[in-house]
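Engineer: Top to bottom, those sequences are chains A and B. Each residue of the first sequence is one higher than the one before, counting from 1 in the UniProt record's numbering. Each residue of the second sequence is one higher than the one before, counting from 1 in the UniProt record's numbering. The C-beta atom is built at its ideal place from N, Cα and C for all residues, glycine as well. In this text, all values refer to a predicted model and were calculated from it rather than measured experimentally.
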Amino acid sequence: MATTIDSPVQEASAVPPAPGGSPRLSDRGLAVAFISPALLLLLGMSVFPLLWALYLSFTDYSATRDVPANFIGLRNYTDILTSDQVRIRALTTLLYVVGAVALQTVLGFAIAFLISRRTRGRGALTTLFLVPMMLSPVVVGLFWKFMLDAQFGVINSMLGSLGFGQVEWLTRQRTALFSLIVVDTWQWTPFIMLIALAGLTAVPNYLYEAASIDRASEWFRFRHITLPMVWPLLLIAVMFRAIEAFRLFDLVYILTSGGPGVSTETLSFHVYKVAFLGFSTGTASAYGILMVLVVIVLAQFYLRYLNKLKEG
Amino acid sequence: MAISIDEAVPAPVTDDAPTARRRGGTARRVIEVLLLVIIAVAMLFPVLWMLETSIKENRDVYAVPAKFFNFDFTLDHYKDVFVAQGGGRSDLSGSFLNSVIVAGASTVLATVLGVPAAWAYSRFTLKAKKDQLFFILSTRFMPPVVVVIPIFLMYRELGLIDSKLGLVLIYAAFNVPFTIWMMKGFVDEVPAEYEDAAMLDGYTRLQAFRKFTLPLLVPGIAATAVFALIFSWNEFVFAIFLTSSQEVRTAPPAIAGLIGGTTVDWGLVAASAVVFALPVLVFAYLVRKHLVAGVTLGAVRR
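The following block contains the structure:
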């Protein structure tokens, strides 16, 4: 696409032409020509589909039946918002998001803090810690499904040699969601660590020097220098993770498929079940639109905050 | 990793105060290092365990209690990843090839569309530029499971279901916001004065961009493209819902499909996961300097 854009000037010679000698695009035209292909792709692949989903959410359309969609107004929405099932899924999702993000933040920041106090081996350590984050959720899910297997999983095997009994990590109501949180934490703690480390290493040294001249306590330095300097960046990381955790699908799909029962069925997974197993496309679209609204609100917070950070 | 570690604080803060605090210093340092080692082991254990499983004989894979060291070594699982049982190419290797094609093509498309747009956003004053940029980034935040429903219907109308082109398009659409944000940072670092000077010499602005700015952007473009490549390579949700046939299916759903049956060949799963993850780790290592920007979709730069 971009190739068609620069064709008007392609013939211009390599020697600097006389000013105004060649056909030139105005800056404005150039900006439009450069930006619109990208925006068109986004409109076609993101905005248009969402608008379609918005339309479908007011209908009883089903992707498998060959009947045209009937307009049913807000019924999908009222059904969803009053349904107990959805409330349970929303609660599961909330537990998952809060649990995973909180755990990652504490761990990630602690690791970053420990690493930032080392002089030697810092680069190598960070590199090692970042491995989980770069892996595909599919690979991570499979790793852990294997390790958490009740019969021959290595986790139970290790617990066994310590004298504990077998734990059915992924097939018990109580442990399944916990396992999911642990796996997500394993994968994404490095993310928080990476960003916290970027914040920690950016704290100017003279602040600490000034504090040590004043004989400020360790805790005081942490509380009044380190934390305030790192906090803005950390908050960005936390919000980013919260959005990601809210959208999460692949890990649930691979590790538990929402089970046992519906104990790990997050909203994302529920949308999938309604849309691709129940084929109630209309209802699923309404779900989707509601989820998109939540994401948009979260993303707005994130972007506003980011903006403030950049300007400040 | 090397991000900001290179320009990090020169020395740890505790050590340059030889005061009373020194007393507990050594013990404390030991504890801290010990903690780090424990955490590092915990973080790396799953990866190591997968590596080990991929080179174990089958009966050792399922051994209870687990065998950590004295297992029988084999490379059969890796052979199974690439070679089918009766000889010839395996299904998995076909999926890997599909992944290469889809990830590569979508990265090229996202780069070709995203880089000029990033340059334009960086250089020109546009109406509601900030809003446009935020809008672009927020499309990247959409839950894939939700987007895939209308995309599925749309592709069904267009005949793009179960086609590589369909995957390439949706991956490109997911990578364009990232490319624009990431590249805008790189373009911002190149002084606009270079172009102004070139234009005083009689170049058009477009020529100035192509001859002077673009060459300076090449390292940034490479880093951005590597991230886009990793995102496309790892992507699972669209792949599993928009493709079904062996000819089109990429590696993530193919690997996930290995655990679908009643018995699971975990050795094969481990080997294919290792083969799948290895290029990602190599590429991630190459772009380690830009990791903070990369993983936050170009939003946070240091």
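(1) By alpha-carbon positions, which one of Gln132/B, Leu167/B, Arg205/B, Phe212/B ends up nearest to Trp181/B?
(2) Per the DSSP calculation, Arg89/B is bridged to which residue(s)?
(3) I'd like to know if the region 192-211 of chain A and the region 225-241 of chain A are in contact, where contact means that at least 3 CB-CB pairs between them fall below 8 Å.
(4) Could you tell me the alpha carbon to alpha carbon distance between Ile181/A and Phe209/B, rounded to whole angstroms?
(5) Gly199/A and Leu248/A - do their beta-carbons sit closer together than 8 Å?
(6) Thr224/B and Met183/B - do their beta-carbons sit closer together than 8 Å?
(7) Spatial neighbours of Ile151/B within its chain, please: CB distance less than 8 Å, with the 5 preceding and 5 following residues excluded, ordered by chain position.
(8) Assuming contact is defined by CB atoms lying nearer than 8 Å, are Val139/A and Leu44/B in contact in what I supplied?
(9) How far does the alpha helix (DSSP H) with Asp131/B in it reach, from first residue to last?
(10) Counting only C-beta atoms, is Lys308/A closer than 8 Å to chain B at any point?
(11) What three-state label does DSSP hand Lys211/B in the structure shown?
(12) In angstroms with no decimal places, state the Cα-to-Cα distance between Leu286/B and Pro219/B.
(13) In terms of DSSP beta bridges, what is Thr59/A paired with?
(14) On the DSSP bridge list, what partners appear for Lys56/B?
(15) Hey, how far is the Cα of Leu30/A from the Cα of Ala120/B?
(16) Are the C-beta of Thr139/B and some C-beta of chain A separated by less than 8 Å?
(17) Taking only the alpha-carbon atoms, compute the straight-line gap between Lys145/A and Gly88/B and give it to the nearest angstrom.
(18) Within the 8 Å Cβ cut-off, does Tyr272/A reach chain B?
(19) State yes or no: is the beta carbon of Gly94/B nearer than 8 Å to at least one beta carbon in chain A?
(20) Taking CB distances under 8 Å as the criterion, tell me whether Tyr194/B reaches chain A.
(21) Kindly indicate which residue of Ala299/B, Leu268/B, Glu189/B has the alpha-carbon position closest to the one of Ser54/B.
(22) When DSSP labels each residue in this structure, what does residue 314/A get in the three-state scheme?
(23) Taking Cβ to Cβ, would you say Ala110/B is nearer than 8 Å to Val187/B?
(24) When burial is assigned at 16 or more other CB atoms within 10 Å of the CB, is Asp250/A buried or exposed?
(25) If we call anything under 8 Å between Cβ atoms a contact, is Met291/A one with Val271/A?
(26) Which value, in whole angstroms, describes the spacing of the CA atoms of Val32/A and Leu43/A?
(27) Would you list, in chain order, the members of the region 278-297 of chain B that have their beta-carbon closer than 9 Å to a beta-carbon of chain A?
(28) Check the Cβ of Arg249/B against every Cβ in chain A and list those closer than 8 Å, keeping chain order.
(29) For Arg301/B, does the three-state DSSP call read helix, strand or coil?
(30) Look up Gln104/A in the DSSP assignment and say whether it is helix, strand or coil.
(31) Alpha carbon to alpha carbon, how far is Lys127/B from Leu291/B?
(32) Give me the chain B residues within the contact set of Gln104/A, using Cβ-Cβ distance strictly less than 9 Å, ordered along the chain.
(33) Looking at C-alpha atoms only, which residue of Gly185/B, Thr204/B, Leu153/B, Phe174/B is the closest neighbour of Leu216/B?
(34) DSSP state of Gly278/A, grouped into three classes?
(35) Helix or strand or just coil, what does DSSP make of Gly21/A?
(36) Using beta carbons (cut-off 8 Å, strictly below), is Ala196/A in contact with chain B?
Structural biologist: The structure says:
(1) Gln132/B
(2) Val83/B
(3) yes
(4) 48 Å
(5) no
(6) yes
(7) Ile170, Phe238, Leu242
(8) no
(9) 129-140
(10) no
(11) helix
(12) 11 Å
(13) Phe71/A
(14) Phe73/B
(15) 8 Å
(16) yes
(17) 30 Å
(18) yes
(19) no
(20) no
(21) Leu268/B
(22) Outside the displayed span of chain A (1 to 312) sits residue 314/A, for which this structure offers no information.
(23) no
(24) buried
(25) yes
(26) 15 Å
(27) Val280, Leu281, Phe283, Ala284, Tyr285, Arg288, Leu291, Val292, Val295, Thr296, Leu297
(28) Result: empty, since nearest Cβ-Cβ is about 13 Å, beyond 8 Å.
(29) coil
(30) helix
(31) 31 Å
(32) Chain B residues near Gln104/A: none, gap ~12 Å exceeds 9 Å.
(33) Gly185/B
(34) coil
(35) Since pLDDT at Gly21/A reaches only 41, below the 50 mark, its modelled position is unreliable, and no value is offered.
(36) no
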